[in-house]
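**Q** One gets our numbering by counting positions in the sequence shown from 1 and adding 1155 to each.
The C-beta atom is built at its ideal place from N, Cα and C for all residues, glycine as well.
Pasting a structure below so you can have a look.
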Amino acid sequence: MGPTPDGVRTAGLAPAYGAVRARLGLVAALVVIAALGWVWTAREMQGMDAGPWTNLGSLGWFLGVWVVMMAAMMFPSVAPTVALYTRVTKASSALSPWLFAGGYLLSWAAAGLVAYLVSLVGGRVLGDALQWDHAGQAIAAGTLFVAAAYEVTPLKNVCLTKCRSPLGALLGSWRPGPTGAVTMGVRNGAWCVGCCWALMASLFALGVMSVSWMALVAGLIALEKTLPWRGIVTYATAALLFGLGVLLLVAPHALPGLTIPAGAVMPMH
1156 MGPTPDGVRT AGLAPAYGAV RARLGLVAAL VVIAALGWVW TAREMQGMDA GPWTNLGSLG
1216 WFLGVWVVMM AAMMFPSVAP TVALYTRVTK ASSALSPWLF AGGYLLSWAA AGLVAYLVSL
1276 VGGRVLGDAL QWDHAGQAIA AGTLFVAAAY EVTPLKNVCL TKCRSPLGAL LGSWRPGPTG
1336 AVTMGVRNGA WCVGCCWALM ASLFALGVMS VSWMALVAGL IALEKTLPWR GIVTYATAAL
1396 LFGLGVLLLV APHALPGLTI PAGAVMPMH
């Protein structure tokens, strides 16, 4: 006698439930890693916030802290994408989602390297101009104005669309095997860098070693990627960045959490 209809349904649903539980477990693991990253970052950055254009230290130290920061800031919002990758590609290896996440962080590590090189060159070229009581304050405010303007550009819209609806990008860039997982993670991370680089630039202008400003930027990124009212959120973010730029320029003491350099030279490196 063949299996009952109920038996057929149960047998068919069991693997599906198992896959859902696996994806939920993956999301939970990424969120836990992000939480640990926040704890570690808060501990390591304690007392290091020197305000706009904080000294970045050595390259190795900065990149290490930067990668942990990106995991803390980005993993909660990218976790659904990693789960979607697992579902779409039907990854046969439990390692593939983690390779995808590693590729994603690799894109942000490259962005951090570029930021470090820009800061190094800027510090050598501009020199004393980066002092807060010279042009440092105006440059920081200008960085926030640029970040606000980028929020409403077509390029930002394209990159944000890829981040909010990654299915098409995943299907269009599918590659098999472990190398493919890393490659797809790198491509997804590149779209995210294109979406969020200006917000990260604003973090440098406010204090890259400040956990408070880091949390604000991370919150803005999460809202842009998850809330359904994309246009409203994007314009609200642009308005907030513009407002912060104005306050930084005319009334920096009115910004809670901002560390104002006390007339000291604030080299980028």
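In whole angstroms, what separates the C-alpha of Thr1209 from that of Ser1251?
**A** The alpha-carbon atoms of Thr1209 and Ser1251 are separated by roughly 37 angstroms.
**Q** Spatial neighbours of Met1425 within its chain, please: C-beta separation below 6 angstroms, excluding the five flanking residues on both sides.
**A** The structure shown does not extend to residue 1425, since the chain spans only 1156 to 1424, so no value can be given for it.
**Q** Hey, Gly1148 and Leu1299: beta-carbon distance below 7 angstroms or not?
**A** Outside the shown range of the chain (1156 to 1424) lies residue 1148, about which nothing can therefore be said.
**Q** Kindly indicate the opening and closing residues of the alpha helix (DSSP H) around Gly1219.
**A** Counting along the chain, the alpha helix (DSSP H) containing Gly1219 begins and ends at 1214-1244.
**Q** Between which two residues does the alpha helix (DSSP H) holding Ala1306 run?
**A** According to the sequence as given, residue 1306 is Glu; it is not Ala. Careful: Glu1306 lies outside any alpha helix (DSSP H) and carries neither H nor E.
**Q** Taking Cβ to Cβ, would you say Ala1302 is nearer than 7 angstroms to Leu1404?
**A** Cβ distance not < 7 angstroms, so Ala1302 and Leu1404 don't count as in contact.
**Q** Do Val1341 and Ser1262 have their C-beta atoms closer together than 7 angstroms?
**A** In contact: Val1341 and Ser1262 (Cβ atoms closer than 7 angstroms).
**Q** Can you have a look at Leu1326 and say buried or exposed, based on whether 16 or more other CB atoms are within 10 angstroms of its CB?
**A** So Leu1326 counts as exposed.
**Q** Quick one: measure Cβ to Cβ for Thr1196 and Val1223, integer angstroms, because I've assumed they're closer than 8 angstroms.
**A** Contact holds; Cβ gap of about 6 angstroms.
**Q** Buried or exposed: where does Gln1292 fall if 16 or more other Cβ atoms within 10 Å of its Cβ makes it buried?
**A** Buried.
**Q** Of the residues Gly1202, Leu1179, Phe1255, Pro1231, which one's Cα is nearest the Cα of Thr1334?
**A** Nearest option by C-alpha distance: Phe1255.
**Q** Return the chain-ordered ranges of every alpha helix (DSSP H) run that is complete within the segment 1260-1306 and spans a minimum of 4 residues.
**A** The segment 1260-1306 contains these whole alpha helix (DSSP H) runs: 1292-1305.
**Q** Have a look at Tyr1305 and Lys1311 and give me their C-alpha separation to the nearest angstrom.
**A** Cα-Cα distance, rounded: 7 angstroms.
**Q** In the DSSP assignment, the alpha helix (DSSP H) including Thr1338 goes from what residue to what residue?
**A** Thr1338 -> alpha helix (DSSP H) spans 1332-1361.
**Q** Need the endpoints of the alpha helix (DSSP H) that Leu1325 sits in, please.
**A** First-last of the alpha helix (DSSP H) with Leu1325: 1322-1327.
**Q** Assign Pro1321 to one of two classes, buried (16 or more other C-beta atoms within 10 Å of its C-beta) or exposed (fewer than that).
**A** Result: buried.
**Q** When you compare each of Trp1221, Ala1377, Trp1384 to Ala1270 by their alpha carbons, which one comes out closest?
**A** Nearest of Trp1221, Ala1377, Trp1384 to Ala1270, Cα basis: Trp1221.
**Q** Assuming Ala1336 contacts Gly1258 (C-beta within less than 8 angstroms), just tell me the rounded distance between them.
**A** Right, the Cβ-Cβ distance comes to about 7 angstroms (below 8 angstroms), so this counts as a contact.
**Q** If contacts are defined as beta-carbon pairs under 8 angstroms, then Leu1382 and Trp1368 qualify, I think. What distance do you get, rounded to the angstrom?
**A** Rounded, the Cβ-Cβ distance is 21 angstroms, inconsistent with contact.
**Q** Return the CA-CA distance between Ser1274 and Ile1415, expressed in angstroms with no decimal places.
**A** Answer to the nearest angstrom: the Cα atoms are 19 angstroms apart.
**Q** So, using beta-carbon positions, are Gly1386 and Asp1204 closer together than 7 angstroms?
**A** No.
**Q** Alpha carbon to alpha carbon, how far is Ala1356 from Val1307? Give it in angstroms, no decimals.
**A** Taking the straight line joining both Cα atoms gives about 16 angstroms.
**Q** Can you find the residues in the same chain that come closer than 7 angstroms, C-beta to C-beta, to Val1348, ignoring five residues on each side of it along the sequence?
**A** Only Ser1262, Trp1263, Ala1266 meet the Cβ criterion.
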